[in-house]
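Trainee: Quick one: the structure is below, and I'll ask about it shortly.
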Amino acid sequence: MIQHHAESWRNNMTNLIKKIAFIATLSLTVITPSLQATEIHVWDKKPIEIRLEVGKERLVHFSDNVMLEAPQEVVDKVQVYSAAGTLYLKPKQQLGKTRAWAVLNSGEKIFLDIFAVRPKDEELDDIKIIHSDEMAQTKEVFGLSTPVATGVTVQQLVQYASIDLYGVQRLVPQLPVVESEVTGELDFTVLFGGGSAAMFDVKPLKQYRTANYTLTALLITNRTQWPQQVIYTDVFPAHIAVSSQHIDVGPVNSITESTTLYMVTDRPLRENSVFAVTTAELMGESEGDS
């Protein structure tokens, strides 16, 4: 019986790794392995999201002197200072995602999507924004190695999380992975779209973070009376890769109604304005003030 279960688990693991679906992203975030981490974003003409927390100052570094041009809403709600190629941003209240422009000394504009949420009990990492031709020098300065060559791969990270949640603990690979609870309020309303919209309840289980990736394990539960399939293309494209423990889930209230979705991103979900609770909180506070 034990041998049968072991063989079944190995087969499931093999199928799981084969099912990993990759969706390419044009931006790159690297977390440096230091006590005060730095998020490195490559400017590729796509707006870069800057997550702020009320009452906390976050530093955004550039390779040139910089000033911020922003709508009045940002000016009213965020304290902004600029010095020696660094923006010092400190929000006074919550802010929905708003477009601003970092204007370099050369005249180049870098688009920033700034948003601010309630403060959490964690330090905010500095952000460094570079051009693609600065990657080699940046890696040398920060002591970074090429993720594909030496870092934990997406496949290894998914396998690690799957064994940690469903396998034997002594079989969990010895990899540089930091495990933690998923902190902060998250909104999964738009996680599933297309034919999968409103089909699943979503609950965060655990977070796994490496130097290059963050994997969030999400428990998804079928809301309907019929069996459903986990369709990766219906998952909101805010990830690097997505996979699931099972491809099919049973109807609601059955023993197979749930499975785990493994969502790999370049940074924690709370850093993404798609999942951060901002608009709903703003509306709630506005109603409370009136």
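So the sequence shown is numbered by numbering that gives the first Met the number 0: it starts at 0 and just counts up by one.
Ideal placement from N, C-alpha and C gives every residue a C-beta, glycine not left out.
(1) Using the C-alpha atoms, what's the distance from Ser105 back to Tyr261?
(2) Which residues in the same chain have their Cβ closer than 6 Å to the Cβ of Tyr80, if we skip the five residues on either side of it in sequence?
(3) In the DSSP assignment, the beta strand (DSSP E) including Lys119 goes from what residue to what residue?
(4) Specify, as a first and last residue, the run of the alpha helix (DSSP H) that Ser272 falls within.
(5) State the DSSP-derived secondary structure class of Ser289, mapped to helix, strand or coil.
(6) If you follow the beta strand (DSSP E) that Ile129 is part of, which residue opens it and which one closes it?
(7) Write down the C-beta distance between Glu48 and Asp112 rounded to the nearest angstrom, noting that I regard them as a contact closer than 8 Å.
(8) Kindly give me the distance between the Cβ atoms of Val201 and Phe235, rounded to whole angstroms, as I take these residues to be in contact under 8 Å.
(9) Report the option in Gly249, Val241, Phe61 whose CA atom is closest to the CA atom of Val157.
(10) Alpha carbon to alpha carbon, how far is Pro46 from Asp265?
(11) Have a look at Ile239 and Gly84 and give me their C-alpha separation to the nearest angstrom.
(12) Whether or not the stretch 194-209 and the stretch 155-171 are in contact is what I'm after, with contact meaning three or more pairs of Cβ atoms, one per stretch, closer than 8 Å; do they touch?
(13) Based on Cα-Cα distance, which residue from Leu214, Val248, Asp233, Thr232 lies nearest to Trp225?
(14) Compare the C-alpha of Gly194 against each of Thr223, Thr215, Met66, Ser179 and name the closest.
(15) Where are the beta strand (DSSP E) runs, 3 residues long or more, that stay fully inside the stretch 50-118, in chain order?
(16) Considering only residues of the same chain and omitting the five flanking positions on each side of Pro267, which have a CB-CB separation below 6 Å?
(17) Considering only the alpha carbon of each residue, which of Gly54, Leu67, Thr215, Lys76 lies closest to Asn271?
(18) Beta-carbon within less than 7 Å of Pro250's beta-carbon, same chain only, minus the 5 sequence neighbours each way: which residues are those?
(19) Along the chain, where does the alpha helix (DSSP H) containing Ala160 start, and where does it finish?
(20) Is the Cβ-Cβ distance between Val102 and Glu72 less than 7 Å?
Mentor: Looking at the coordinates:
(1) In the sequence shown, the residue the question calls residue 261 occupies position 262. In the sequence shown, the residue the question calls residue 105 occupies position 106. Tyr261 and Ser105: Cα-Cα distance of roughly 42 Å.
(2) On the sequence shown, residue 80 is found 81 positions in, with the first residue counted as 1. Counting only Cβ-Cβ distances below 6 Å, and skipping sequence neighbours, we find Tyr87.
(3) Working through the sequence shown from its first residue, we reach residue 119 at position 120. Neither: Lys119 is in no beta strand (DSSP E) and is coded neither H nor E.
(4) Position 273 of the sequence shown, counted from the start, is the residue given in the question as residue 272. Segment: none, Ser272 is in no alpha helix (DSSP H) and carries neither H nor E.
(5) Locating residue 289 in the sequence shown gives position 290, where the first residue counts as 1. With a pLDDT of only 46 at Ser289, under 50, the local geometry of the prediction cannot be trusted, and the value read off the model is given with reservation. Coil at Ser289, not helix or strand.
(6) Locating residue 129 in the sequence shown gives position 130, where the first residue counts as 1. Counting along the chain, the beta strand (DSSP E) containing Ile129 begins and ends at 125-130.
(7) Taking the first residue of the sequence shown as position 1, residue 48 is located at position 49. Taking the first residue of the sequence shown as position 1, residue 112 is located at position 113. Rounded, the Cβ-Cβ distance is 5 Å, consistent with contact.
(8) Counting from one through the sequence shown, the residue named residue 201 turns up at place 202. Counting from one through the sequence shown, the residue named residue 235 turns up at place 236. Between Phe235 and Val201 the Cβ distance is about 11 Å, and since that is not below 8 Å, they are no contact.
(9) Counting from 1 along the sequence shown, the entry for residue 157 is found at position 158. The candidate whose alpha carbon is nearest that of Val157 is Val241.
(10) Position 47 of the sequence shown, counted from the first residue, corresponds to residue 46. Position 266 of the sequence shown, counted from the first residue, corresponds to residue 265. Cα to Cα, the separation comes out at about 15 Å.
(11) Residue numbering aside, residue 239 sits at position 240 when the sequence shown is read from its first letter. Residue numbering aside, residue 84 sits at position 85 when the sequence shown is read from its first letter. Distance between the alpha carbons of Ile239 and Gly84: 30 Å.
(12) yes
(13) As a working note, residue 225 is residue 226 in the sequence shown. Looking at the Cα atoms, Val248 is the closest of the given residues.
(14) The sequence position of residue 194 within the sequence shown is 195, counting from 1. Considering only alpha carbons, the answer is Thr223.
(15) The stretch 50-118 contains these whole beta strand (DSSP E) runs: 57-60, 65-68, 77-82, 85-90, 94-103, 108-116.
(16) The sequence position of residue 267 within the sequence shown is 268, counting from 1. For Pro267, where only same-chain residues beyond five positions count, the Cβ hits under 6 Å are Thr213.
(17) Within the sequence shown, residue 271 is the residue found at index 272, counting from 1. The shortest C-alpha separation from Asn271 is found at Thr215.
(18) Reading the sequence shown from its first residue, position 251 is the one you call residue 250. Once the five neighbours on either side are set aside, the close Cβ partners of Pro250 are Asn221, Thr223, Gln224, Trp225, Pro226, Glu256.
(19) As a first step, residue 160 must be located in the sequence shown, where it is residue number 161. That run of the alpha helix (DSSP H) goes 153-165.
(20) The residue labelled residue 102 in the question sits at position 103 within the sequence shown. The residue labelled residue 72 in the question sits at position 73 within the sequence shown. No, they are not a contact pair.
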